[in-house]
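First up is the structure itself, then whatever we jot down about it.
Number of protein chains: 2
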Amino acid sequence: MNTLTIAIVLGLMAIVYGFITSRHVLGADAGNTKMQAIAAAIQEGAEAYLRRQYTTIAIVGVIVVAILAGTLGLVSAAGFVIGALLSGAAGFIGMTISVRANVRTASAAQDGLQAGLTLAFRAGAITGLLVAGLALLAIAVFTWYLTGPAGHSVGGTDRSVIEGLTGLAFGASLISIFARLGGGIFTKAADVGADLVGKVEAGIPEDDPRNPAVIADNVGDNVGDCAGMAADLFETYVVTVGATMILTALLLGDIGARLMPLMTLPLLIGGVCIVTSIIGTFFVRLGRSNNIMGAMYKGFLVSALLSIPAIWLAISHALGGVASTFTIGARDVSGLDLFFCTLVGLAITGLIIWITEYYTGTNYRPVKSIARASVTGHGTNVIQGLAISLEATALPTLVIVAGIVIAYQIAGLLGIAYAATAMLALAGMVVALDAYGPVTDNAGGIAEMAGLDDSVRARTDALDAVGNTTKAVTKGYAIGSAGLAALVLFAAYTTDLKAFFPDLTVDFSLENPYVIVGLLLGALLPYLFGAMGMTAVGRAAGDVVRDVREQFKANPGIMTFETKPDYARTVDLVTKAAIKEMIVPSLLPVLAPIAVYFGITLVAGQENGFAALGALLLGVIVGGLFVALSMTSGGGAWDNAKKYIEDGNFGGKGSEAHKAAVTGDTVGDPYKDTAGPAVNPMIKITNIVALLLLAALAGG
Amino acid sequence: MNTLTIAIVLGLMAIVYGFITSRHVLGADAGNTKMQAIAAAIQEGAEAYLRRQYTTIAIVGVIVVAILAGTLGLVSAAGFVIGALLSGAAGFIGMTISVRANVRTASAAQDGLQAGLTLAFRAGAITGLLVAGLALLAIAVFTWYLTGPAGHSVGGTDRSVIEGLTGLAFGASLISIFARLGGGIFTKAADVGADLVGKVEAGIPEDDPRNPAVIADNVGDNVGDCAGMAADLFETYVVTVGATMILTALLLGDIGARLMPLMTLPLLIGGVCIVTSIIGTFFVRLGRSNNIMGAMYKGFLVSALLSIPAIWLAISHALGGVASTFTIGARDVSGLDLFFCTLVGLAITGLIIWITEYYTGTNYRPVKSIARASVTGHGTNVIQGLAISLEATALPTLVIVAGIVIAYQIAGLLGIAYAATAMLALAGMVVALDAYGPVTDNAGGIAEMAGLDDSVRARTDALDAVGNTTKAVTKGYAIGSAGLAALVLFAAYTTDLKAFFPDLTVDFSLENPYVIVGLLLGALLPYLFGAMGMTAVGRAAGDVVRDVREQFKANPGIMTFETKPDYARTVDLVTKAAIKEMIVPSLLPVLAPIAVYFGITLVAGQENGFAALGALLLGVIVGGLFVALSMTSGGGAWDNAKKYIEDGNFGGKGSEAHKAAVTGDTVGDPYKDTAGPAVNPMIKITNIVALLLLAALAGG
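So the sequences go chain by chain: X and A. If you count the first sequence from 1, position 151 lands on 218 in the numbering used here, and the numbers rise without skipping. If you count the second sequence from 1, position 372 lands on 439 in the numbering used here, and the numbers rise without skipping.
Okay, structure coming up:
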């Protein structure tokens, strides 16, 4: 069987796994009527939100499709549609499983920690493997169609496959930024608003059923942390693997029959790692010490270790032996070289997970230092949290830099691309760890609202605490892979530029001031984007506060449990606010490259326009990497510093230190769940728009 | 008279102005005995701190001088010593005036707002003009000595003048980073510590004499906001003007007699702007509306407008007519071109002042939005403050980018250098506006402690509120000029590299992954540096809290006014903490370029080592510009949001909103006064160390 066919078969295994496991999860006990009623309200709210979000995105999408079809042709437009639909589907499926698994996890947690963990993790694993599987199938089947039935060739002058894949990546990215940002604004506006008016003003506990924003808060976990995250990782997978394929085609050019297996090798690597991820999921079990994080690590480690021989086999199959070599420019690259680069990618993934746990876990200096600083008040908590968030960028950057240097030494640019591909190949497992978080978070909420025994809430809390770290891990992993993928995309940009405009000599040297201009403008984008995200959350949370205050005032029976608050009204309000607020920031990375290219071209000519645009692409990663890493790690650390105090340290729940830690947690919320993670798709969109612009200019 | 001689004469005018005005300030009434006793305690603490700081720096300095003398020779070492001594002197003089003007301002404020303003502003103007004058004289006299008595020539193969100026810049920068960071840690540790334990725990007002940390807080204003700031701006001036001269020499090469006037033209521009700054100081007067900020603007505007014809005359004199041209590479540049570039610099300065006022003034959306967010609590205050701090980077970046593009279009790299020089030429006036701040801040403290009439405190508070904005302005101005200066320094680096290693082909293109590696590592530096600064303040503030608690416990008479607290003990404690904490972060930018060069050279060869080092220089500005702008603007906005609430908005003093605003102010303190402003000298040091490393490698 050829490489592509095997990849498609392996991708289908993820779908089969998802189907079987979801039957298992949905077959579990869904708890008593009260629990089911609460779960139904969450489900309804989440579905209503996603419906409205997708409707809004569809309007933007139709315009984009029309533009793409008009400027670049039908293949690009078709790619965009497939990427957009499947990215949306990944989010939708993740949410669908999550809103059904939450109540079942609450029910299972009545039987013990292991039962709760198994159910929640399986729900996460369905999302994880469907994200990886759908992403793999999207690229693989589209490539098969273009090179098979549609009769396009790779290499040579037919650029249909490249343009189709670029369109696919654009579709995935554009949906993803809307989903990440819209979902992120929803979840944090509801969370912050509910906390402010519930915990702080009314003095009622978290997840108290009297709080009208409590359902919105739980809906948010599903539409932001689950659906938004799934769309984001789908995008990351498609862009990274797609960019590696495009780069292979561009670098190798017309080498005949050997091109196709080389170009589809990244898909095969993705395919074999789906199998290792599925195997890994069965190893997520509590040991004797009941260490939940340890159980997660066991699963990840099994997947990662099994991936090593699996990738070896994949490379060997595609190249006809790992010793087989091919030539890029003046350089001979062997299958063994590519294999070592994938090891670099796996090592980066492992190290980033380890570093993220250090910065966000309750056992280490960073989180403890924030908890300790809470004793002297709100101000010192925030100062220390900001200090940690700045510091947390250092080690991941050094790891990424070391990865770039080593992979480049081994196999040049393609080596960096393979390191990134190997990182993403484990996406099934990594997303599983992450998607588990919102399920347990919701399970705790349902347990609280349904008045289950305190021991149940204690178990879901224990499961949820780990969720804070795994959520931070995925974000660090996504942005870290973006660091490598951006180099690959930039290489695609420069290679394309030479192909489309062979007569232009574009000077990408740092000695060209327009390169500096591009770098500065690129680095500005994540700041501006972050500002918009933070402001949006603040504004929408304010709306929630006002709505809840009105409900309490108009309906005094709520506080005495006599009447139920109007949950749907708050959900609806947050929905509208999130949809409205997501539009402008999402369009920033789409329009900025176009504005910079035309602006600089007007002033200093087309060559400098292209130079500034290229620099913008790297500026956005140089700026964005730090903004994203600091926000996601800092936010996770703040959250767990609060949990650490709630565990009885530095005065415990209700102490002044706890109040200060709640402030830090509130600040960290939009940092880690709205602005920070949305930087990842933002970087990709900027890069892809630049590639599309190039193609459009060349065609025009 | 030749250009250099005129520049020296004009530089001396600043010294004369400082001498005359200081006699006037010191001749003013110093208030009653109680006020004088408080002022004496502040003075003593500030002098003790600076003595210890300079002793510590001297140890580092001696080591550096030995290394410089050994590797690069005596001229470099002598330049370093001059730069270091005068940078220290600038800080020392600023502090000396400030600690004497504070009590006199408090006394003058008894007679009315105008009297207080006049005295405080004159004190600031002394510091401002001495900073500009000493910086100008340092370069001018050293250049005169090297080209005159020492018999070195400019152009050709004698690199003594270039190496001397680089050494001078290094000396100024190294002192400056220590002073900015040490002073910044001192002032904010004392401020935050005093607030936490005084306002929050003991419930006594700010500047209450019972607070043992109150003198340390006032000392901090002088050693951080005054001495540290003066050393920083001295450094910025020396590096910018020096870099323009070095670039001129490197670009023009051996053009004979015309080189010297062209090379010293930046000094003449500095000289004439000292005169216009002196004239401007006389226009700082309240109008009928009693608008203090308006009075400041009047002074600045007069200076800026008078500078336009003054710079025209300077260029005309140096070139023998503005129409006169010279050739750089293939390009003809005229005096008129240079003149337009200086206008760009003046416009950037004006726009940055205007933008900073928008983001930190109490009349505009940003500060009001933070104040409004305080109503819903500590968390929303901090979220909105962070959103504003991120947003505040956008307009200054666009202004700087526009400045780069326009100046480069007019006169190439030298045009950018002239824009930066024109920005710095107004340093006398800008520093005057800034140095006025700590004087009024202290005056308010003395009025409070000495129990003067409430109307006096009201007047000093009004003067101080403007100080928050002017302080933010100077920092935005310094970092903005650093953005331009970094390009000039990078150009010096690449030109030097070609001269020293003509056989190497170093690829600075973004397509070289080692360039990306350098950019990422460079962008990391400000984050790591910021983390260290923030942590240091948190740790030292904790020490203050513990010390004050102990004093209250051991000596209950303090709270009943029966016994006086041991102010000196707290001052001593903060002194030791600040000195200890400043060392490691200050060495980061010194060692990072060396580590990156040798690290990458080891792995990927010398050519990539130089490429990564060059990229590091730009990475540190691309990353640092945003970190610094966001921290300084955000901090200023938080501070004034608190003041806005204290003025009676959103509930006023003592309300819940006010408490939240105090938290925001506390967070903003190390942002705006420790970590943020120290990024500016950090960027410069990284660049200068790279230049020195090049010279050392070439010589070795």
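Glycine included, every Cβ here is placed at the ideal spot set by N, Cα and C.
Worksheet item: Is the region 747 to 765 of chain A touching the region 712 to 729 of chain A, taking contact as three or more C-beta pairs under 8 Å?
Response: Using a Cβ-Cβ distance cut-off of 8 Å, the region 747 to 765 of chain A and the region 712 to 729 of chain A are not in contact, since fewer than three pairs of beta carbons, one from each stretch, lie closer than that value.
Practice prompt. Please check if any C-beta of chain X sits within less than 7 Å of the C-beta of S383 of chain A.
Written response: With a threshold of 7 Å between beta carbons, S383 of chain A makes no contact with chain X.
Practice prompt. List the DSSP bridge partners of T394 of chain A.
Written response: BP columns for T394 of chain A point to A:D399.
Discussion item. Please list, in chain order, the chain X residues whose beta carbon lies closer than 8 Å to that of M749 of chain A.
Written reply: By Cβ distance, chain X contributes nothing, its closest Cβ being about 14 Å from M749 of chain A, past 8 Å.
Worksheet item: Taking all protein chains shown into account, do 16 or more other C-beta atoms lie within 10 angstroms of the C-beta of N675 of chain A, making it buried, or fewer, making it exposed?
Response: Looking at its Cβ environment, which holds 16 or more other Cβ atoms inside 10 Å, N675 of chain A is buried.
Worksheet item: In chain order, what residues of the same chain lie with their CB nearer than 6 Å to the CB of M496 of chain X, ignoring the 5 residues before and after it?
Response: Correct list, in chain order: S344, G347, F367 and S370.
Discussion item. Which residue marks the beginning of the alpha helix (DSSP H) containing F209 of chain X, and which one marks its end?
Written reply: For F209 of chain X, the enclosing alpha helix (DSSP H) stretches over residues L180 to T214.
Fill in: Supposed contact pair D740 of chain A and T254 of chain A - C-beta distance, whole angstroms, cut 8 Å
Contact between T254 of chain A and D740 of chain A holds, with the beta-carbon distance rounding to 6 Å and staying under 8 Å.
Worksheet item: Could you give the uninterrupted runs of the alpha helix (DSSP H) lying entirely in the region 514 to 592 of chain A, keeping only those of 4 residues or more?
Response: Within the region 514 to 592 of chain A, the complete alpha helix (DSSP H) segments at least 4 residues long are 521 to 567, listed from N- to C-terminus.
Fill in: Cut-off 7 Å between Cβ atoms - residues of its own chain near T307 of chain X, not counting five sequence neighbours on either side
Correct list, in chain order: A487, T488, L491, S548 and A552.
Discussion item. Once DSSP output is grouped into helix, strand and coil, what is the label at E273 of chain A?
Written reply: Correct three-state label for E273 of chain A: coil.
Practice prompt. Spatial neighbours of F575 of chain A within its chain, please: CB distance less than 8 Å, with the 5 preceding and 5 following residues excluded, ordered by chain position.
Written response: Correct list, in chain order: T561, V582, A678, G681 and A682.
Worksheet item: Which value, in whole angstroms, describes the spacing of the CA atoms of V131 of chain A and R325 of chain X?
Response: Using only the alpha carbons, I get a separation of about 59 Å.
Practice prompt. Could you tell me which chain X residues have their CB closer than 8 Å to the CB of Y594 of chain A, listed as they occur along the chain?
Written response: Listed along the chain, the chain X residues whose CB falls inside 8 Å of the CB of Y594 of chain A are L457, E458, T460, A461, F693 and S697.
Item to complete: Could you say which of X:I455, X:P593, X:P328 and X:Y364 lies nearest to A461 of chain A if we only look at CA atoms?
Response: Ranking the options by Cα distance to A461 of chain A, first place goes to X:P593.
Discussion item. With a threshold of 7 Å between beta-carbons, can F159 of chain X be considered close to chain A, or not?
Written reply: No, F159 of chain X does not count as interfacial toward chain A.
Worksheet item: By a C-beta neighbour count over all protein chains shown, 10 Å radius and 16 as the cutoff for buried, is D521 of chain X buried or exposed?
Response: Of the other Cβ atoms in all chains shown, fewer than 16 fall within 10 Å of the Cβ of D521 of chain X; this residue is therefore exposed.
Practice prompt. Compile a chain-ordered list of the residues in the region 472 to 487 of chain A whose CB is closer than 8 Å to at least one CB of chain X.
Written response: Flagged, chain order: V472, Y475, Q476, L480 and I483.
Item to complete: Starting from the beta carbon of P744 of chain X, find every residue of chain A whose beta carbon is closer than 8 Å, and list them in chain order.
Response: Here the premise fails: no neighbours, minimum Cβ distance about 16 Å.
Fill in: Span separating the alpha-carbon of T163 of chain A from that of G605 of chain A
When only Cα atoms are considered, T163 of chain A and G605 of chain A end up about 28 Å apart.
Item to complete: Run down chain A in chain order and give the residues with a C-beta less than 7 Å from the C-beta of A682 of chain X.
Response: When 7 Å is used as the limit between beta carbons, A682 of chain X is near these residues of chain A: L577, in chain order.
Fill in: Amino acids of chain X, ordered along the chain, whose beta-carbon sits closer than 7 Å to that of A598 of chain A
Result: A454, L457 and E458.
Discussion item. Please confirm whether I341 of chain A has its beta-carbon closer than 7 Å to some beta-carbon of chain X.
Written reply: Not an interface residue.
Worksheet item: For the alpha helix (DSSP H) that C340 of chain X lies in, which residues bound it at each end?
Response: Unbroken alpha helix (DSSP H) run through C340 of chain X: L326 to T348.
Fill in: Span of the alpha helix (DSSP H), counted from its first residue to its last, around A728 of chain A
E723 to P737 is the span of the alpha helix (DSSP H), which, as asked, contains A728 of chain A.
Discussion item. The alpha helix (DSSP H) that contains H445 of chain X, what's its start and end?
Written reply: From DSSP, the alpha helix (DSSP H) with H445 of chain X extends over H445 to E458.
Worksheet item: Contact between the region 410 to 428 of chain A and the region 659 to 672 of chain A: three or more CB pairs below 8 Å?
Response: Because the criterion of three Cβ pairs below 8 Å is not met, the region 410 to 428 of chain A and the region 659 to 672 of chain A do not touch.
Practice prompt. Measure how close the beta-carbons of G295 of chain X and R226 of chain X come, nearest whole angstrom, since I'm counting them as under 8 Å.
Written response: With a Cβ gap of about 33 Å, G295 of chain X and R226 of chain X do not count as contacting.
Worksheet item: So, is K726 of chain A buried or exposed, given that buried needs 16 or more other C-beta atoms within 10 angstroms?
Response: If you draw a 10 Å sphere on the C-beta of K726 of chain A, you find 16 or more other C-beta atoms in it, and that means buried.
Worksheet item: What in chain A is Cβ-close to P580 of chain X, meaning under 8 Å?
Response: Within chain A, the residues placing a beta-carbon under 8 Å from that of P580 of chain X are I471, V472, Y475, L480, I483 and L554, ordered along the chain.
Practice prompt. Can you tell me the Cβ-Cβ gap for V230 of chain A and S143 of chain A, rounded? I've got them flagged as a contact below 8 Å.
Written response: Note that residue 230 of chain A is Glu in the sequence shown here, rather than Val. With a beta-carbon spacing of about 5 Å, E230 of chain A and S143 of chain A fall inside the 8 Å limit used to define contacts.
Worksheet item: Closest Cβ-Cβ distance between V670 of chain A and chain X: below 7 Å?
Response: Between V670 of chain A and chain X, the shortest Cβ-Cβ separation is below 7 Å.
Worksheet item: chain X partners of V584 of chain A, CB-CB under 8 Å?
Response: Neighbours of V584 of chain A on chain X, chain order: V468, I471 and V472.
Discussion item. Strictly below 8 Å CB to CB, what residues from chain A border M601 of chain X?
Written reply: Within 8 Å Cβ-Cβ: I450, Q451, L453, A454 and L457.
Item to complete: Let me know the secondary structure DSSP gives S165 of chain X once reduced to three states.
Response: Helix, per DSSP.
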